[in-house]
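Have a look at the structure below, then the notes.
There are 2 protein chains.
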Amino acid sequence: MKKAELLMIPGPTPLPEAVRTVMSSPAVGHRSAEFKDVLKRVFPNLRWLFQSKNQVFLYTASGTGAMEAAMSNTLNVGERILVLVNGVFSQRWAEIAKTLGLNIETLDVPAGEFHTPEMLREYLEANQGTDYKAILLTHSETSTGVLNPIKELTAVIRQSHPDALVIADTITSLGAAEFALDNWDIDIAVSGSQKGFMLPPGLSFLGLSDRAWKAHQTCKNPGYYFNFTRYQKAQLENTTPYTPATHLILGLDIALTLMMEEGLENIVARHAQNQAMTRAGLKAMGLELFVKEDAYASPSVTSFLPPDGLTVDAVRAGLKKRFGIIIADGQKDLKGKIMRIGHLGHISEREVLATLAALEAVLNELGHSVPAGAGISAAMSVTRKAVATHA
Amino acid sequence: MKKAELLMIPGPTPLPEAVRTVMSSPAVGHRSAEFKDVLKRVFPNLRWLFQSKNQVFLYTASGTGAMEAAMSNTLNVGERILVLVNGVFSQRWAEIAKTLGLNIETLDVPAGEFHTPEMLREYLEANQGTDYKAILLTHSETSTGVLNPIKELTAVIRQSHPDALVIADTITSLGAAEFALDNWDIDIAVSGSQKGFMLPPGLSFLGLSDRAWKAHQTCKNPGYYFNFTRYQKAQLENTTPYTPATHLILGLDIALTLMMEEGLENIVARHAQNQAMTRAGLKAMGLELFVKEDAYASPSVTSFLPPDGLTVDAVRAGLKKRFGIIIADGQKDLKGKIMRIGHLGHISEREVLATLAALEAVLNELGHSVPAGAGISAAMSVTRKAVATHA
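Protein sequence lines, in the order shown, are assigned to chains A and B. Numbering-wise (my numbering), the first sequence opens with residue 24 and increments by one. Numbering-wise (my numbering), the second sequence opens with residue 24 and increments by one.
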């Protein structure tokens with residue numbers, strides 16, 4: 024039987040039926056009154072999701088485009104920045120900064136670990152005199168499954184370097200983990216459509232503080248396509264500065280409505296449950312989790328090591344071939360060393376259980392014996408009725 | 024009856040059914056073997072459309088993003104460029120250049136007119152000593168409906184300034200007008216998905232010469248998201264550097280196949296016919312064309328003035344309200360002064376006739392008397408059997 028695969032990767036994530044349906048709409052005039060009505064709903068709903076009183080910019084671009092926009096709109100060639108690195112995506116901040124001619128300093132901890140507020144405090148106090156124009160953080164580090172404590176890290180930054188821009192990658196955390204741009208005093212947060220937003224890739228989002236807007240005012244060569252000023256002006260008229268990805272925006276309108284119906288608390292609780300079930304299930308099958316502490320594990324993606332004697336390739340191929348379930352390999356240095364189960368977006372208990380059950384079958388077939396039902400029993404033991412999604 | 028509108032605007036353009044269907048596909052893993060197979064077909068097909076032996080880069084962005092990429096990847100702050108301006112989109116080259124810190128010179132002719140090769144030759148000979156790093160052209164100027172003779176203009180540039188990069192906006196000309204990147208010795212051409220490509224907006228394309236690639240090698244701050252080097256490297260492995268707009272690429276795969284089945288010559292002939300029919304029909308209804316010479320009128324979009332006593336708003340509203348046909352207003356200074364009928368992409372005789380017939384009805388209703396059938400008779404008199412699209 025030919026059927027669609029179940030994507031349990033940290034994006035792209037499965038799509039709600041209503042999103043898929045609207046994606047096949049006839050052509051849309053992007054300057055029509057009807058499309059402006061769509062944007063008029065979408066813009067405030069994005070502010071709700073970012074928990075920000077300010078505009079959230081909507082880019083037709085991958086999340087990486089919004090990451091570059093965060094820096095190119097606020098920083099100038101030669102300015103000093105600090106990047107907290109513990110994986111591929113936090114490292115990307117530094118890579119982008121390099122192509123923009125910034126003066127980069129990194130604070131590194133090994134992949135799978137996280138920066139503690141204490142560690143950052145110590146580092147910043149030792150560098151009290153350094154004029155960091157920006158400090159770059161990563162909320163959910165998609166390459167490892169770490170959830171960095173960016174609320175607490177930002178509070179530490181404000182003590183010693185109150186004027187530094189705090190720029191956060193919230194690509195796999197927004198719509199999955201708790202986040203509040205204004206209350207957490209974050210200056211810029213960026214996200215992408217193929218994650219918690221339950222959309223195909225192609226849109227990215229950027230929320231910002233007044234501090235970031237002020238930095239933009241003195242930015243010398245902010246570029247054009249991602250230029251904050253143009254998006255700000257267009258948004259006031261419920262439009263976009265250039266022809267946007269109309270069909271993805273029709274999907275976004277629906278997805279944001281679904282998210283608002285579910286409510287932020289329930290969304291966060293559902294992802295927490297997905298994470299708890301996955302971690303409990305994997306542990307019960309005797310698998311080693313890559314991120315040790317539950318409190319710093321991402322609600323969006325869970326990484327684990329293959330059991331002794333089995334390869335990542337064999338486990339992934341078994342899940343794909345027999346069950347049509349796709350999980351992700353590690354990236355770069357971690358390729359072939361860890362596997363990653365994505366459980367964000369349009370994912371609830373049903374898909375998590377299917378994945379754990381299929382994994383048990385595959386491990387047994389590959390000769391790694393797992394007690395019958397160990398994974399799913401452990402997973403069910405941590406579910407909470409309050410966040411049941413098919414009630 | 025509620026039915027989809029017929030978009031006769033210069034993009035977004037109507038979508039083939041097969042494109043619409045594939046846009047509603049389930050989520051797609053962008054690093055999967057299956058998706059790499061799609062890209063493996065798409066990349067050479069894009070080279071075919073650009074008529075280039077080199078890679079064509081595929082960006083998840085509006086066409087404006089690719090325009091910026093053309094400059095940010097090859098030019099450095101302070102370098103001198105010349106922009107040939109005769110409308111909103113050619114002016115956009117200069118606006119982008121400004122935000123990139125380039126040293127801009129423009130050669131202007133009024134909107135609706137075009138730069139003759141003689142005029143450019145004279146200008147360049149008078150500026151023989153000026154070291155233009157790039158000269159920027161616009162093939163089909165979407166805001167006016169002029170088709171600039173960029174093949175001939177490029178030949179002129181090569182005589183006096185052989186090393187200048189010739190960068191062309193082919194956003195509404197590719198897949199509509201004759202174009203050949205390699206043979207015409209153009210260095211960079213950019214296009215967008217919602218035009219001749221028959222797709223929703225969200226993808227853009229950039230073809231380039233060896234000369235442009237060489238300029239990229241010495242570019243100091245080329246940025247990250249649009250960085251040529253990253254796209255070049257990824258394309259060799261049939262992938263993209265960042266998560267691309269998967270669903271639009273599934274549509275692109277289908278649209279390019281449709282275009283190859285039709286053949287470049289037939290595509291160009293069909294658009295020439297759309298243009299000839301539209302111009303003949305409008306003239307026969309006593310309407311004034313904004314672009315006077317047929318040979319320099321775009322095959323993608325035709326602009327005309329409202330008849331004495333009628334406003335652009337009244338004519339457009341009549342077409343929309345009664346017939347669900349959308350035509351475009353003028354832009355910026357031309358807003359309210361001209362109307363634009365787009366006839367590119369998934370458009371053939373049927374839609375052109377419907378538009379002319381509806382326009383006749385609307386003009387009559389608004390009190391501008393048109394002889395019965397004048398427009399469609401004139402349009403039919405210029406059609407050629409050879410390019411019939413429903414044979």
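Ideal Cβ positions, reconstructed from N, Cα and C, are used throughout, including at glycine.
Residue interval of the beta strand (DSSP E) (run including residue i)
i	result
Val314(B)	That residue, Val314(B), is in no beta strand (DSSP E); it is neither H nor E in DSSP.
Leu107(B)	103-108
Met31(A)	29-31
Leu222(A)	First-last for Leu222(A): undefined, no H or E at that position.
Any chain B beta carbon closer than 8 Å to residue i
i	result
Met46(A)	yes
Leu30(A)	yes
Asn250(A)	yes
Ala414(A)	Low confidence applies to Ala414(A): its pLDDT is 44, below 50, so where it sits in the model is not reliable enough to give any reading.
Leu223(A)	Checking the sequence shown, residue 223(A) turns out to be Pro, not Leu. Yes, its Cβ sits closer than 8 Å to a Cβ of chain B.
Tyr319(A)	no
Pro37(A)	yes
Ala409(A)	Unreliable positioning characterises Ala409(A) in this predicted model, as indicated by a pLDDT of 47, which lies under 50. A coordinate reading is not provided.
Glu91(A)	yes
Val324(A)	no
Residues that residue i bridges to, as DSSP identifies them
i	result
Asp154(B)	Bridge partners of Asp154(B): none, in fact.
Tyr82(A)	Ser227(A)
Ile364(A)	Thr325(A)
Thr161(B)	Asp192(B)
Ser214(A)	Phe228(A)
Ala320(B)	Val169(B)
Asp131(B)	Val108(B)
Ile277(B)	Paired residues: none, contrary to the question.
Asn244(B)	For Asn244(B), which the question treats as bridged, DSSP gives no partner whatsoever.
Asp331(B)	Paired residues: none, contrary to the question.
Asn126(B)	Arg103(B)
Asp352(B)	Met362(B)
Start-to-end residues for the alpha helix (DSSP H) that takes in residue i
i	result
Asp233(B)	233-240
Ala56(B)	56-73
Ser113(A)	111-122
Asn289(A)	287-307
Asp336(B)	335-346
Met403(A)	397-404
Phe251(B)	251-259
Asn387(A)	372-388
Ile142(B)	Sequence inspection shows Met at residue 142(B); the Ile mentioned does not correspond to that position. Element bounds for Met142(B): 140-149.
Glu40(B)	40-46
Contact with chain A by residue i, beta-carbon distance below 8 Å
i	result
Ser400(B)	no
His294(B)	no
Ala187(B)	no
His53(B)	yes
Asn126(B)	no
Asn244(B)	yes
Ile364(B)	no
Gly88(B)	yes
Ser404(B)	no
Closest by C-alpha distance to residue i, when choosing among the options
i	options	result
Ile190(B)	Gln182(B), Glu201(B), Thr177(B)	Thr177(B)
Pro133(B)	Asp356(B), Glu201(B), Asn99(B)	Asp356(B)
His162(A)	Asn261(A), Lys59(A), Gly124(A), Trp207(A)	Trp207(A)
Ile127(A)	Arg144(A), Glu141(A), Tyr155(A)	Tyr155(A)
Asn96(B)	Asn244(B), Gly135(B), Asp186(B), Gly34(B)	Asn244(B)
Leu421(A)	Glu28(A), Ser323(A), Gln114(A), Ala41(A)	Outside the shown range of chain A (24 to 414) lies residue 421(A), about which nothing can therefore be said.
Thr122(A)	Ala157(A), Phe202(A), Ile173(A), Glu91(A)	Glu91(A)
Tyr254(A)	Pro264(A), Gly246(A), Tyr247(A)	Pro264(A)
Leu325(B)	Gln217(B), Leu333(B), Ile32(B)	It should be pointed out that residue 325(B) corresponds to Thr in this sequence rather than to Leu. It is Ile32(B) whose Cα lies nearest to the Cα of Thr325(B).
Pro330(B)	Gln354(B), Val385(B), Arg293(B), Ile277(B)	Val385(B)
Ser8(B)	Ala257(B), Tyr319(B), Asp233(B)	There is no way to answer for residue 8(B), as the model of chain B reaches only from 24 to 414.
Query raised in the report: Of the residues that make up the segment 333-352 of chain A, which ones have a beta carbon closer than 7 Å to any beta carbon in chain B?
Result: Ile349
Query raised in the report: Using Cβ-Cβ distances below 7 Å, what residues of the segment 135-148 of chain B are close to chain A?
Result: none
**Report entry** Short-range partners of chain B found in the segment 61-85 of chain A, where Cβ spacing is below 9 Å
**Finding:** Tyr82, Thr83, Ala84, Ser85
Query raised in the report: Going along the chain, which residues of the segment 258-282 of chain A sit with their C-beta nearer than 7 Å to a C-beta in chain B?
Result: Residues passing the 7 Å Cβ filter: Tyr265, Thr266, Pro267, Ala268, Thr269, His270, Leu271.
Query raised in the report: Taking any Cβ of chain A, which residues in the segment 187-215 of chain B have a Cβ under 9 Å from it, in chain order?
Result: Gly215
Report task. Give, in chain order, every residue of the segment 159-182 of chain A whose Cβ lies closer than 8 Å to some Cβ of chain B. Result -> Residues are counted here when their Cβ sits less than 8 Å from a Cβ of chain B; for the segment 159-182 of chain A the count is zero.
Query raised in the report: For the segment 104-128 of chain A, which residues have a CB atom closer than 9 Å to at least one CB atom of chain D, in sequence order?
Result: Reference to chain D is not applicable here, since the protein chains of this structure are A and B.
Query raised in the report: According to a CB-to-CB cut-off of less than 7 Å, which residues of the segment 360-387 of chain A neighbour chain B?
Result: The segment 360-387 of chain A vs chain B, Cβ under 7 Å: nothing.
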